Amino acid sequence: MTLIDQISINQVAGSPISLSSKANKMGAADLGEKFGDFLNEAMNSLSNQQKNVEGLEEAFVKGDLPITDAHQLTIAAEQALIAIETTVQIRNKAIEAYQEIMRMQI
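Quick note: the sequence shown uses our numbering, first residue 3, plus one each step.
So this is what it looks like as structure tokens:
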């Protein structure tokens, strides 16, 4: 399941992303590790999408992909583009949050 699929499922279900009761008992280090794992999984998914698009492009150029299936290439390329844009926006928000935390006075 890709990052975009996970976000879409949460929006369709109408439930905000929240921590489970198990997560409420976890420490900050555990939550940080869990978040890091989530980000690694999302980046791996993004990489796999990009490889899929590259494979379809190569098949199309070689003529192995029928012209009637060219829409698969377009759809895969658009999904990869949206995933990259989403990843960049998440990165920007994380950097903004970090900078805001660093500006806080103790």
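Don't be surprised by glycine CBs; every beta carbon is placed ideally from N, CA and C.
Just so we're clear, the structure is a prediction, and the values are computed from it rather than from any experiment.
Where residue i falls, given that 16 or more other Cβ within 10 Å makes a residue buried
i: glutamine 51; result: buried
i: leucine 33; result: exposed
i: alanine 82; result: buried
i: alanine 85; result: buried
N-terminal and C-terminal residue of the alpha helix (DSSP H) that residue i is part of
i: glycine 57; result: 30 to 64
i: glutamine 74; result: 72 to 105
Member of the options whose CA lies at the smallest distance from the CA of residue i
i: glutamate 60; options: Ile84, Thr70 and Leu75; result: Leu75
i: alanine 78; options: Thr88, Val55 and Thr89; result: Val55
Cβ pair residue i, residue j closer than 8 Å
i: alanine 44; j: threonine 89; result: yes
i: leucine 48; j: leucine 58; result: no
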